[in-house]
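Have a look at the structure below before the remarks.
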Amino acid sequence: MDMVLDLVAHTGRTTLSLIRSAGALALFALAGLSHIVRPPFYGRVFIRTFLETGFFSLPVVALTALFSGGVIALQSYTGFAQYHAQSAIAGIVVLAVTRELGPVLAGLMVAGRVGAAMAAQIGTMRVTDQIDALSTLSTNPMKYLVAPRLLAGIIALPLLVLVADVLGVAGGFTVAVVKLGFSPTAYITATLNSVKVMDVTVGLIKAALFGFLITLMGCYYGYNSKGGAEGVGSATTAAVVVASILLLAFDYLITDLFFSQ
Numbered sequence: 031m032d033m034v035l036d037l038v039a040h041t042g043r044t045t046l047s048l049i050r051s052a053g054a055l056a057l058f059a060l061a062g063l064s065h066i067v068r069p070p071f072y073g074r075v076f077i078r079t080f081l082e083t084g085f086f087s088l089p090v091v092a093l094t095a096l097f098s099g100g101v102i103a104l105q106s107y108t109g110f111a112q113y114h115a116q117s118a119i120a121g122i123v124v125l126a127v128t129r130e131l132g133p134v135l136a137g138l139m140v141a142g143r144v145g146a147a148m149a150a151q152i153g154t155m156r157v158t159d160q161i162d163a164l165s166t167l168s169t170n171p172m173k174y175l176v177a178p179r180l181l182a183g184i185i186a187l188p189l190l191v192l193v194a195d196v197l198g199v200a201g202g203f204t205v206a207v208v209k210l211g212f213s214p215t216a217y218i219t220a221t222l223n224s225v226k227v228m229d230v231t232v233g234l235i236k237a238a239l240f241g242f243l244i245t246l247m248g249c250y251y252g253y254n255s256k257g258g259a260e261g262v263g264s265a266t267t268a269a270v271v272v273a274s275i276l277l278l279a280f281d282y283l284i285t286d287l288f289f290s291q
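Right, dumping it as structure tokens:
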């Protein structure tokens, strides 16, 4: 009987802790978003974060998208050749890249690169009392540290995904033409016939949400880190892990919302 009561008590404490954490995260996100639309706005912080999130993440996102498109074309050919359906490869590549792989892979790369850096930077500021120093100088830490980063993530990631879409399709085209012997004209025609504005639009919607989630997790865990260097390391790890899980979860929800029928 005592074991059952202990289990129920543990379950209750865990549930309350999760609810408390979700509530704190929601309030943090609302506060950050509210400061985006209220002056003053720190443009230099925004530009610096935008370049870090978008421009400097471009090489890793571009390479990931390029090789992913080539792998999709190669694997699709291996399966479809058994049913003489090679003509569907171009459509499969463009749909997979624009709907899923472009936003998801770009988001995961940015989460590992930028989300971790944000958590480490803000976490270091927290444990060295620099955030408290901002408050003493009449600078709102949420407005200075969080709001510009959230806006930069929301804007930069869709731009990265546009590049990833183009390069992913280009990777599939290169493999199909060079290795599999497809006609370039026929492949391009099939690609143009398969791509739809809705597919690209939903991919960009996902990208904007993913950019928000990645920067939110980096800022939240960094802002609330404690315990010195060890706490900063834990915050960095948690930011990347939680952002990646949320990214995949919301990817499923958005896909189910737009493409379930």
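Letter by letter, the sequence shown follows residues 31 to 291 in my numbering.
Glycine included, every Cβ here is placed at the ideal spot set by N, Cα and C.
From the options, residue whose alpha carbon lies closest to that of residue i
{"i": "methionine 155", "options": "Gly137, Lys256 and Leu190", "result": "Lys256"}
{"i": "valine 193", "options": "Phe85, Ile77, Ala279 and Leu37", "result": "Phe85"}
{"i": "valine 208", "options": "Leu55, Pro69 and Gly100", "result": "Gly100"}
{"i": "threonine 83", "options": "Leu276, Val140, Thr285 and Ser213", "result": "Val140"}
{"i": "valine 124", "options": "Gly145, Asp281 and Leu222", "result": "Leu222"}
{"i": "tyrosine 250", "options": "Arg68, Asp36, Thr94 and Ala149", "result": "Ala149"}
{"i": "valine 270", "options": "Leu243, Val38 and Leu81", "result": "Leu243"}
{"i": "glycine 211", "options": "Thr285, Asp195, Ile119 and Leu180", "result": "Ile119"}
{"i": "valine 272", "options": "Arg68, His65 and Ala146", "result": "Ala146"}
{"i": "threonine 219", "options": "Thr231, Phe203 and Pro89", "result": "Phe203"}
{"i": "threonine 128", "options": "Asp195, Ala52 and Leu278", "result": "Asp195"}
{"i": "alanine 238", "options": "Ala186, Gly263 and Ala265", "result": "Ala186"}
{"i": "isoleucine 8", "options": "Asn254, Phe288, Arg50 and Leu88", "result": "Beyond the ends of the chain as shown, which are 31 and 291, falls residue 8; an answer cannot be given."}
{"i": "leucine 131", "options": "Ile102, Ser264 and Gly142", "result": "Ile102"}
{"i": "leucine 81", "options": "Phe288, Met172 and Arg179", "result": "Arg179"}
{"i": "leucine 88", "options": "Pro188, Ser264, Ala126 and Phe288", "result": "Pro188"}
{"i": "phenylalanine 289", "options": "Ala126, Gly142 and Gly248", "result": "Ala126"}
Rounded straight-line distance, which links the Cα of residue j to that of residue i
{"i": "serine 47", "j": "threonine 41", "result": "10 angstroms"}
{"i": "leucine 246", "j": "alanine 59", "result": "7 angstroms"}
{"i": "alanine 136", "j": "serine 117", "result": "28 angstroms"}
{"i": "alanine 268", "j": "leucine 276", "result": "12 angstroms"}
{"i": "threonine 79", "j": "tyrosine 174", "result": "12 angstroms"}
{"i": "methionine 228", "j": "serine 213", "result": "27 angstroms"}
{"i": "glycine 198", "j": "leucine 37", "result": "49 angstroms"}
{"i": "leucine 55", "j": "valine 225", "result": "37 angstroms"}
{"i": "phenylalanine 71", "j": "glutamine 112", "result": "58 angstroms"}
{"i": "leucine 93", "j": "leucine 164", "result": "39 angstroms"}
{"i": "leucine 96", "j": "valine 176", "result": "32 angstroms"}
{"i": "threonine 266", "j": "threonine 44", "result": "23 angstroms"}
{"i": "glycine 73", "j": "aspartate 159", "result": "24 angstroms"}
{"i": "isoleucine 284", "j": "leucine 278", "result": "10 angstroms"}
{"i": "histidine 114", "j": "alanine 216", "result": "16 angstroms"}
{"i": "isoleucine 49", "j": "isoleucine 66", "result": "26 angstroms"}
{"i": "leucine 57", "j": "threonine 108", "result": "49 angstroms"}
{"i": "alanine 52", "j": "valine 91", "result": "30 angstroms"}
{"i": "threonine 231", "j": "alanine 39", "result": "46 angstroms"}
{"i": "asparagine 170", "j": "serine 64", "result": "13 angstroms"}
Nearest-angstrom beta carbon gap, residue j and residue i [assumed within contact, 8 angstroms]
{"i": "glycine 121", "j": "isoleucine 184", "result": "Going by Cβ atoms, the distance from glycine 121 to isoleucine 184 rounds to 30 angstroms, so no, they are not a contact pair."}
{"i": "valine 34", "j": "leucine 104", "result": "So it is not a contact: roughly 54 angstroms between Cβ atoms."}
{"i": "serine 98", "j": "glycine 201", "result": "7 angstroms"}
Cβ pair residue i, residue j closer than 8 angstroms
{"i": "glycine 62", "j": "isoleucine 152", "result": "no"}
{"i": "glycine 261", "j": "proline 133", "result": "no"}
{"i": "leucine 190", "j": "phenylalanine 76", "result": "no"}
{"i": "lysine 236", "j": "aspartate 281", "result": "yes"}
{"i": "valine 144", "j": "glycine 258", "result": "no"}
{"i": "leucine 167", "j": "serine 274", "result": "no"}
Residue i - DSSP class collapsed to helix/strand/coil
{"i": "lysine 226", "result": "coil"}
{"i": "lysine 256", "result": "coil"}
{"i": "threonine 231", "result": "helix"}
{"i": "leucine 277", "result": "helix"}
{"i": "arginine 156", "result": "helix"}
{"i": "threonine 44", "result": "helix"}
{"i": "tyrosine 113", "result": "helix"}
{"i": "threonine 169", "result": "coil"}
{"i": "tyrosine 72", "result": "coil"}
{"i": "phenylalanine 212", "result": "coil"}
{"i": "serine 106", "result": "helix"}
{"i": "phenylalanine 240", "result": "helix"}
{"i": "serine 264", "result": "helix"}
{"i": "valine 292", "result": "Because the chain spans 31 through 291 in this model, residue 292 falls outside it and cannot be assessed."}
{"i": "glycine 98", "result": "Residue 98 is actually serine in this sequence, not glycine. DSSP places serine 98 in helix when its eight states are reduced to three."}
{"i": "phenylalanine 86", "result": "coil"}
{"i": "valine 67", "result": "coil"}
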